[in-house]
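The sequence shown finishes on residue 341 if you use my numbering, and the numbering steps up by one all the way, no holes. The structure appears right after this line, and notes come after that.
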Amino acid sequence: MEQKELKEGRLLDYDGNLYEAGYSTSLIKKYKRKDIVGLKTRIKEWDYYAINFSDFMLCFTISDCSMFSLISASLIDLTKKTFKTKSKLQFFTFGKLNLPSTSEIGDTIYNSKDFKLSFINNGTSREIKASIKNFKDNKDLEADIILSSSSNKSMVIATPFKKKRHFYYNQKINNLIANGYYKLGDKLYSIKDGLAVLDWGRGVWTYSNTWYWASTSTKDKDGYKGFNLGYGFGDTSSSSENMLFLNKEAYKLNDVKFYFKKKNGREDFNAPIKVVSESKDINLTFTPIIDRHEDTNFLILASFQHQIFGKFNGTIKTSDNKIIEFNDSIGFLEKVKNRW
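Laid out in structure tokens, this is it:
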């Protein structure tokens, strides 16, 4: 696969199409919602954070997908193999949530009487604050988490769809260092040197699509390392979204595919999943711990999601022949099918 590196400049031309497709290690292109031509019902914008600490994960989303918005918080207990998600769904928001046009600075905020969630970014650090009434077992959830960068490298892609004026501009920032706390009822849980990933997405999507995504951020004897792996949507002939991170460096990767075992003729999301490239440069096994399976179906609008939390084991070989090992690295792998 050709891997084309993006050049600095505007993201969209004056007809609303990508100037160029490809990848970068920083948010080099300038996204502006007003540059989108027509298709206002197809605009999708979101900020998503997943934080891994001890035997828990916290996930927070603020998204405005035009026809609807979804704001959610999830707490995953990897020891008890349980999860709880609470969400707010609104229809016909069409950009009213005012998500920032860049991930580099700006605040993303949602406030209602019983659900408050904010992502505060002053350009130096990020802060996640949450206050959610009756989150679990009649207990409120509160959180205040500061995120700092371990590297200035990230995964950025500008991906067109095979349809005029449709595109996806995405940044994944792995190995964010998380410190703070969350509180469930009267019980306080400290978060010290946890690790997080940001999924920052802006684009105009086609109505029906499926994506596959895998991510881990970890720290071991080699330092900070992680990866972003995925496929399934858009025209990826100019670049994959696959990238490996090792301390301050980022390494571009080619193709990848997830191989699910079958049970009763269906994909088994609780069985080990192979994550490999054709060249075997990527050679990983993902062992599930818990499947956060949620379906939303409003006939015209629908989302069928399997976000599986578990452990990655195996190796990734870089273009300069470094062999990077992953041993029981906590992360997630997901398959999401949308009609939106």
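Every residue, glycine too, gets a C-beta built ideally from N, C-alpha and C. Values in this document were obtained by computation on a predicted structure and should not be read as measured data.
{"Query": "CA nearest to the CA of Ile325, picked from Ile283, Glu335, Trp341 and Phe333", "Result": "Ile283"}
{"Query": "Proximal residues to Ile158 (C-beta, below 7 Å), its chain only, five neighbours per side dropped", "Result": "Tyr24, Asn171, Ser240 and Glu242"}
{"Query": "Residue range of the beta strand (DSSP E) that includes Gln226", "Result": "According to the sequence displayed, residue 226 carries Lys and not Gln. Gly224 to Tyr232 is the extent of the beta strand (DSSP E) around Lys226."}
{"Query": "With 16 other Cβ atoms within 10 Å as the buried cut-off, status of Asp14", "Result": "exposed"}
{"Query": "Completely contained beta strand (DSSP E) runs for the stretch 172-251, where each covers 3 or more residues", "Result": "188-205, 209-221, 224-232 and 244-247"}
{"Query": "Three-state secondary structure assigned by DSSP to Thr62", "Result": "strand"}
{"Query": "Inter-residue spacing [alpha-carbon to alpha-carbon] between Trp206 and Gly235", "Result": "9 Å"}
{"Query": "Limits of the unbroken beta strand (DSSP E) element including Ala51", "Result": "Ile44 to Phe54"}
{"Query": "Residues near Asn153 by beta carbon distance below 6 Å, same chain, minus five either side", "Result": "none"}
{"Query": "Integer-rounded CB distance, given that Tyr182 should sit under 8 Å from Ala144", "Result": "7 Å"}
{"Query": "N- and C-terminal bounds of the beta strand (DSSP E) containing Asn298", "Result": "Ile283 to Phe299"}
{"Query": "Boundaries (first-last residue) of the beta strand (DSSP E) holding His307", "Result": "Leu302 to Lys318"}
{"Query": "DSSP beta-bridge partners of Ala22", "Result": "Paired residue(s): none; Ala22 is not in a bridge."}
{"Query": "Close Cβ partners of Pro161 (< 6 Å) along its chain, the five nearest in sequence each way excluded", "Result": "Leu19, Ala22, Phe168 and Asp236"}
{"Query": "Distance CB(Gly311)-CB(Thr288) smaller than 8 Å", "Result": "yes"}
{"Query": "Residue ranges of each beta strand (DSSP E) within the stretch 66-94, 3 or longer", "Result": "69-78 and 83-92"}
{"Query": "One or two residues paired with Phe327 in a DSSP bridge", "Result": "Gly315"}
{"Query": "Beta-carbon gap between Phe93 and Met58 smaller than 8 Å", "Result": "no"}
{"Query": "Meets three-Cβ-pair contact criterion under 8 Å: the stretch 180-198 and the stretch 26-45", "Result": "no"}
{"Query": "Nearest to Leu12 (by Cα), restricted to the options Thr103, Phe54 and Gly96", "Result": "Thr103"}
{"Query": "Whole-angstrom distance between Lys164 and Glu250, CA atom to CA atom", "Result": "34 Å"}
{"Query": "Residues near Arg203 in its chain [Cβ-Cβ closer than 7 Å; skip 5 each side]", "Result": "Tyr32, Glu46 and Tyr170"}
{"Query": "Reference Asn322, options Trp212, Ile63, Lys281 and Cys60, closest by Cα", "Result": "Lys281"}
{"Query": "Residue range of the beta strand (DSSP E) that includes Thr109", "Result": "Thr109 to Asn112"}
{"Query": "Cβ-based burial, Thr42 [other Cβ within 10 Å; buried from 16]", "Result": "exposed"}
{"Query": "Assigned secondary structure, Arg267 (DSSP; H/G/I helix, E/B strand, else coil)", "Result": "strand"}
{"Query": "Lys140 (DSSP reduced to helix, strand or coil)", "Result": "strand"}
{"Query": "Reduced DSSP category for Asp16 - H, G, I as helix; E, B as strand; rest coil", "Result": "coil"}
{"Query": "For Lys336, the three-state DSSP class (helix, strand or coil)", "Result": "strand"}
{"Query": "From Lys117, Asp200, Lys226 and Trp214, residue whose alpha carbon lies closest to that of Leu334", "Result": "Trp214"}
{"Query": "Residues near Asn328 in its chain [Cβ-Cβ closer than 8 Å; skip 5 each side]", "Result": "Asp221 and Asn314"}
{"Query": "Inter-residue spacing [alpha-carbon to alpha-carbon] between Leu98 and Gly195", "Result": "29 Å"}
{"Query": "Beta bridge counterpart(s) of Thr160 as assigned by DSSP", "Result": "Tyr169"}
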